[in-house]
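S.K.: I have a structure I would like to understand better, so I am pasting it below and will then ask my questions one at a time.
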Amino acid sequence: MTVSKPPRDPYAILGLDRTSDEAAIKRAYFRLVREHPPEREPEKFQELRAAYDQVRTAEARSQTDLFLLQPPPLLPRRRKPSYNLDVNPTDIITLALELGLAGLSVQEDFHEPELPKQ
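Note that the numbering used here has the sequence shown beginning at 16, numbered continuously upward.
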């Protein structure tokens with residue numbers, strides 16, 4: 016089983032309180048981007064960008080707050096079941112007999128239409 020590292024607190028990365036509003040979050044993000052531009056510190060910029068994406072909108076903040084309080088449980092690694100999708104001719108014949116299709120005549124379904132007389 017793989018052990019994942021605990022999620023980093025995006026508020027701590029941006030230097031904010033959990034009660035910060037959107038304007039304060041945006042100001043803190045742009046201030047930190049000016050201090051750590053992507054050209055000089057790409058790893059730090061990626062960390063800042065990921066933190067900002069987690070708290071940018073009210074919906075994202077609520078989801079982040081939920082998972083910071085209680086991280087999602089680790090799912091067990093399961094193998095996906097494999098299905099045998101081979102078609103056997105005897106299966107088709109058995110199905111046709113069960114459905115009563117074997118006794119039907121093609122002539123009953125297909126006939127030559129009568130043309131209107133002129």
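Glycine is no exception: its CB is placed at the ideal position from the N, C-alpha and C atoms.
Being a predicted model, the structure only gives us computed values, none of them experimental.
1. Is Lys-59 helix, strand or coil when you go by DSSP?
2. How many angstroms separate the CA atom of Phe-82 from the CA atom of Leu-114?
3. Just to confirm my understanding: we take Pro-25, look at its own chain, exclude 5 residues before and 5 after, and list those with CB closer than 8 Å. What are they?
4. Quick check: the Cα distance between Arg-46 and Thr-34, rounded to an integer number of angstroms?
5. What residue does the alpha helix (DSSP H) around Tyr-98 start on, and which one ends it?
6. Taking DSSP as the reference, what is the three-state secondary structure of Lys-41?
7. Could you pull out every residue in the same chain whose Cβ sits closer than 6 Å to the Cβ of Pro-96, ignoring the five residues on either side in sequence?
8. To the nearest angstrom, how far is the alpha carbon of Asp-106 from that of Leu-89?
9. So, are the CB atoms of Ile-48 and Leu-63 less than 8 Å apart?
10. Give the DSSP-derived three-state secondary structure of Phe-82 in the structure shown.
11. Helix, strand or coil for Pro-104, going by three-state DSSP, please let me know.
M.R.: Here's the rundown:
1. The sequence position of residue 59 within the sequence shown is 44, counting from 1. Here Lys-59 sits in helix by DSSP.
2. Stepping through the sequence shown from its first residue, residue 82 is reached at position 67. Stepping through the sequence shown from its first residue, residue 114 is reached at position 99. Their Cα atoms are separated by approximately 53 Å.
3. Counting from 1 along the sequence shown, the entry for residue 25 is found at position 10. Answer for Pro-25: Ala-65, Ala-66, Tyr-67, Gln-69, Val-70, Thr-79, listed in chain order.
4. By one-based count along the sequence shown, residue 46 stands at place 31. By one-based count along the sequence shown, residue 34 stands at place 19. One C-alpha to the other measures close to 19 Å.
5. Locating residue 98 in the sequence shown gives position 83, where the first residue counts as 1. No alpha helix (DSSP H) contains Tyr-98, which DSSP labels as neither H nor E.
6. Sequence index remark: in the sequence shown, residue 41 carries index 26 (1-based). Reduced to three states, the DSSP call for Lys-41 is helix.
7. Numbered from its first residue, the sequence shown carries residue 96 at position 81. Contacts found: none.
8. Taking the sequence shown and counting its residues from 1, the one referred to as residue 106 is at position 91. Taking the sequence shown and counting its residues from 1, the one referred to as residue 89 is at position 74. Straight-line Cα distance between these residues: approximately 42 Å.
9. For the purposes of this step, residue 48 is taken as the residue at position 33 of the sequence shown. For the purposes of this step, residue 63 is taken as the residue at position 48 of the sequence shown. As written in the sequence, residue 48 is Val, which differs from the Ile given in the question. It is a contact, given that the beta carbons lie within the stated cut-off.
10. What you label residue 82 is simply residue 67 of the sequence shown in a count that begins at 1. If DSSP states are grouped into helix, strand and coil, Phe-82 belongs with the helices.
11. By 1-based counting over the sequence shown, the position of residue 104 is 89. When DSSP states are grouped into helix, strand and coil, Pro-104 belongs to the helix group.
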